[in-house]
Amino acid sequence: MDTLTHTQFTEAGLADWRDLAQGIHARFATGDFATGLRFVTAVGQAAEEAGHHPDVTLTYPHVDIMLVSHDAGGLTPRDLDLAGQISDIARDSGVSAAVEALVEVELSLDTADGQTIGPFWAALLTGSTDSFADGQVRDSGGRVPLLWFQDTDAHETPRQRFHLDVWVPTELAEQRIAAGVAAGGTVVDDSAAPSFVVLADAEGNRACVCTTDR
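For what it's worth, UniProt numbering labels the leading residue of the sequence shown as 1, then goes sequentially.
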């Protein structure tokens, strides 16, 4: 099955959902655990009927849902179809989406030899080198943020090697960047905006605010 682009997702008009680093995400503000449990049960029934299953996290005040077609390696029409059904279930349940709360964090490590050090980080983070593939460490259990290795020239340490990629909905990127600057940070490089903007704290440690808008 062919995967979809950011533009195709945007054109689908799924107002409750945003595409971040991995799949499309939504947070539904249920307000209490019992409402969230009923909502999750209804979502589970729809997922079973569709034969396509989202990642669902139920907490006391909200439910987080992520959709992606792992077998296709990206977003597909079946993700959009199920996302639309989930939004319909939310509206029927009196549950609203909280787009402003969406965020996804990835870890990035600058290295000149990711293939050599990748197995170490896989073993350390997940207990198995099998989780290292395609230049990434991916925890199938969802407990560890995705770690990817950014190519760089070989260099002497110390130099910042890790940085956070903070993925937010496109319309929230400027707000998040402004919040970081107001809290003492600086914009180091915005030449690739809105895809990503590099910020630094007062000591020069860097992070990227990222969106899927290329």
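We put the beta carbon where it would ideally sit given N, CA and C, even for glycine.
Residue i burial status per 10 Å Cβ neighbour count (16 or more: buried)
i: Thr212; result: buried
i: Leu124; result: exposed
i: Asp165; result: buried
i: Thr41; result: exposed
i: Gly135; result: exposed
i: Phe120; result: exposed
Residue i versus residue j - alpha carbon distance
i: Thr3; j: Pro54; result: 17 Å
i: Arg214; j: Ser131; result: 28 Å
i: Ala50; j: Val188; result: 45 Å
i: Ala21; j: Ala72; result: 16 Å
i: residue 303; j: Thr57; result: Within the shown structure, residues of the chain are numbered from 1 to 214, placing residue 303 beyond reach of any answer.
i: Glu174; j: Asp201; result: 17 Å
i: Gly44; j: Ser96; result: 18 Å
i: Val209; j: Leu14; result: 23 Å
i: Val198; j: Gly184; result: 14 Å
i: Pro145; j: Gly94; result: 32 Å
i: Gly84; j: Arg138; result: 27 Å
Reference residue i; option with closest CA among the options
i: Glu106; options: Glu48, Leu172 and Arg143; result: Arg143
i: Arg206; options: Arg214, Pro194 and Val181; result: Val181
i: Asp113; options: Ser128, His155, Ala90 and Cys210; result: His155
i: His25; options: Val209, Val168 and Leu199; result: Val168
i: residue 273; options: Gly127, Ala193, His70 and Leu172; result: It is not possible to answer for residue 273, since the shown part of the chain is limited to 1 through 214.
i: Thr126; options: Gly141, Gln115 and Ala133; result: Gly141
i: Gly23; options: Gly84, Ala122 and Leu67; result: Leu67
Nonlocal neighbours in the same chain, by C-beta distance under 6 Å from residue i, ignoring five residues either side
i: Gly74; result: Thr3
i: Gln150; result: Ser108 and Asp110
i: Ala90; result: Phe28
Neighbourhood of residue i by C-beta, 8 Å cutoff - its chain only, sequence neighbours within 5 removed
i: Arg161; result: Leu109, Asp110 and Thr111
Is the stretch 1–19 touching the stretch 69–85, taking contact as three or more C-beta pairs under 8 Å?
-> Two segments are said to touch when three or more pairs of C-beta atoms, one from each, lie closer than 8 Å; by this definition the stretch 1–19 touches the stretch 69–85.
Can at least three beta-carbon pairs, one atom from the stretch 55–62 and one from the stretch 29–47, be found at a separation below 8 Å?
-> Contact between the stretch 55–62 and the stretch 29–47 is present, because at least three Cβ pairs lie under 8 Å.
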